[in-house]
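Asks: Residue numbers (UniProt numbering): 1 to 337.
No residue lacks a Cβ here, since even glycine has one placed at the ideal position from N, Cα and C.
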Amino acid sequence: MSATDPSEVQLLVATDHREVLSGPTEPAALDRLPRHPARQGLGHSLVANRKALTGMIILALFVAVALLAPALAPGNPSTITSLGAQPPSAEHLFGTTPKGQDVLALTMWGARSSLLVGFVVGFAATFIGLLVGLSSAYFGGRTDNSLSLLTNVFLLIPGLPLLVILAAFLPTGMTTVMLVLTFTGWAGSARVLRSQALSIRGKDFVAAAIVTGERAGWIMFREILPNMASIVMITLIGSVIFGIGAQAGLEFLGLGDVSVVSWGTNLYWASNDGALMSGTWWAFVPSGAAIALVAFALALINYGVDEVTNPRLRSTRRQRASRRAARGSATHQEVNR
């Protein structure tokens, strides 16, 4: 059979795009093949999204307070500086605890450990879930069955009782809390990321990379992973929220190191000192509000990422913008009349 026989099926491996195309292909077709579309302009689109931008500003403020806490509230935040249970005033903006500690200093210093635990747990749980999900989706077969079984076991174990048991029998400390939360929080990420990786695993550009003899690790992290950028970010945000909330819950129950200043230990000591019963609301509201605001900020970023990367939500936003523009134009025309 000659090379010019029209019945011959030509196989073109596009080295720039890792795409397998069957049949005669024009050179211009390669220009229409996107390379890693999930990460093109994601940062710019997030900044342009009002929800994501609002969330990033709120989160940046909390991170700045956590980093600048030693300068904003120097000294030991647990030091008794005034009479106990003093309401907010010019001297103590957030009031004092029943013991006489400055609530503002405790809240700012608490941001350091709470955000640290949240981000460490979020990144660690997402990283483990990503490794498990990618390996399960790419290799398939026995590897997929084994890793899926392991993931399902962790998903079926009740989270809170396991957290309580592990935290009660392990040495207290922030490191223990991070390890326990990572150990119990990776399975959900693995399930979500495996599903996304499976859909990308069947794409033509992955098949092309396999045909060209690329290594499995190269294909997983250079071809599949970049196209999962949005879902990885969403999973990471959810894991950070889980880390912050779970740490606060454990420490509120007294299962963490209550000597470390964090938002959870602030709530623990406020409850232990009877702040709720005595009406000293300022002893626990700031830490609780801080947890809620950080979770709210991360949720806004999550919604923003979803709107930017979800085609259905993008089309819905365009339709709403078009309707608003049409109403504005109609109103302007009526005024001119």
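Can you tell me which of SER195, LYS51 and TRP109 puts its alpha carbon nearest to the alpha carbon of LEU147?
Replies: Per the Cα distances, SER195.
Asks: Using the rule of at least 16 other Cβ atoms within 10 Å of the residue's Cβ for burial, across every protein chain shown, is GLN40 buried or exposed?
Replies: Bear in mind that a pLDDT of 49 at GLN40, under 50, signals an unreliable position, so the number given afterwards is only what the model happens to contain. Flag for GLN40 reads exposed.
Asks: In angstroms, rounded to a whole number, what distance separates the CA positions of GLY188 and TRP269?
Replies: Taking the straight line from one Cα to the other gives about 32 Å.
Asks: If you draw a straight line from the alpha carbon of PRO27 to that of VAL47, how long is it in whole angstroms?
Replies: With a pLDDT of 43 at PRO27, under the threshold of 50, the modelled position of this residue cannot be trusted, and the question is left open.
Asks: Using DSSP's beta-bridge definition, name the partner residues of ASP102.
Replies: THR96
Asks: Using CA coordinates, which residue listed in SER278, GLN101, ALA137 and GLY118 is at the minimum distance from MET228?
Replies: ALA137
Asks: At what residues does the alpha helix (DSSP H) containing LYS203 begin and finish?
Replies: First-last for LYS203: undefined, no H or E at that position.
Asks: Excluding sequence positions up to five away, which residues of its chain have a Cβ less than 6 Å from the Cβ of ARG32?
Replies: Caution applies to ARG32, whose pLDDT of 44 falls short of 50 and renders its modelled position unreliable; the value that the coordinates give is listed next. Same-chain partners within the cutoff: there are none.
Asks: Measuring alpha carbon to alpha carbon, tell me which residue in ALA295, TYR303 and ASP306 is nearest LEU59.
Replies: ALA295
Asks: Between VAL260, LEU83 and ASN266, which has its C-alpha nearest THR172's C-alpha?
Replies: Nearest C-alpha to THR172: VAL260.
Asks: What separation, rounded to the nearest whole angstrom, lies between the Cα atoms of LEU131 and ALA207?
Replies: 20 Å
Asks: CA-CA distance, GLU307 and VAL240?
Replies: 20 Å
Asks: Using beta-carbon positions only, say whether GLY122 and GLY43 come within less than 8 Å of one another.
Replies: no
Asks: The alpha helix (DSSP H) with ALA218 in it runs from where to where?
Replies: Reading off the sequence shown, one finds Trp at residue 218, where the question assumed Ala. Counting along the chain, the alpha helix (DSSP H) containing TRP218 begins and ends at 216–219.
Asks: My parser needs the alpha helix (DSSP H) runs of 4 or more residues fully inside the segment 137–219; what are they?
Replies: As far as the segment 137–219 is concerned, its whole alpha helix (DSSP H) runs of at least 4 residues are 141–156, 159–169, 174–185, 187–201, 204–211 and 216–219.
Asks: Identify, in the order they occur along the chain, each residue of the same chain with its Cβ nearer than 8 Å to the Cβ of LYS51, setting aside the five sequence neighbours on each side.
Replies: So the list reads LEU300, ILE301, TYR303, GLY304 and GLU307, once near-sequence residues are dropped.
Asks: On the criterion of 16 or more Cβ atoms from any shown chain inside 10 Å, does SER278 qualify as buried, or is it exposed?
Replies: exposed
Asks: If contacts are defined as beta-carbon pairs under 8 Å, then GLY129 and TRP186 qualify, I think. What distance do you get, rounded to the angstrom?
Replies: 5 Å
Asks: Does the beta-carbon of SER199 have 16 or more other beta-carbons within 10 angstroms, so that it is buried, or is it exposed?
Replies: exposed
Asks: Would you be able to state if there are at least three C-beta pairs under 8 Å between the segment 59–71 and the segment 97–110?
Replies: By the Cβ criterion, the segment 97–110 is in contact with the segment 59–71, since at least three pairs of Cβ atoms, one from each stretch, lie closer than 8 Å.
Asks: Where does the unbroken alpha helix (DSSP H) through GLU251 begin, and where does it stop?
Replies: In the DSSP assignment, GLU251 falls within the unbroken alpha helix (DSSP H) covering 229–252.
Asks: Check whether the Cβ atoms of ILE219 and ILE210 lie closer than 8 Å to each other.
Replies: yes
Asks: Any idea which residues DSSP pairs ILE301 with across the strands?
Replies: For ILE301, which the question treats as bridged, DSSP gives no partner whatsoever.
Asks: Between which residues of its own chain and THR97 is the CB-CB distance below 8 Å, once the five residues before and five after are set aside?
Replies: GLY84, ALA85, VAL103, LEU106, TRP269, ALA270, ASP273, ALA275, THR280 and ALA283
Asks: Taking only heavy atoms of the ligand ADP into account, decide whether any of them is closer than 7 Å to the Cβ of ILE237.
Replies: For the ligand ADP, the structure offers nothing, since it holds no ligand at all.
Asks: On the CB-based measure, 16 or more other CB atoms within 10 Å of its CB, does ALA167 come out buried or exposed?
Replies: It counts as buried.
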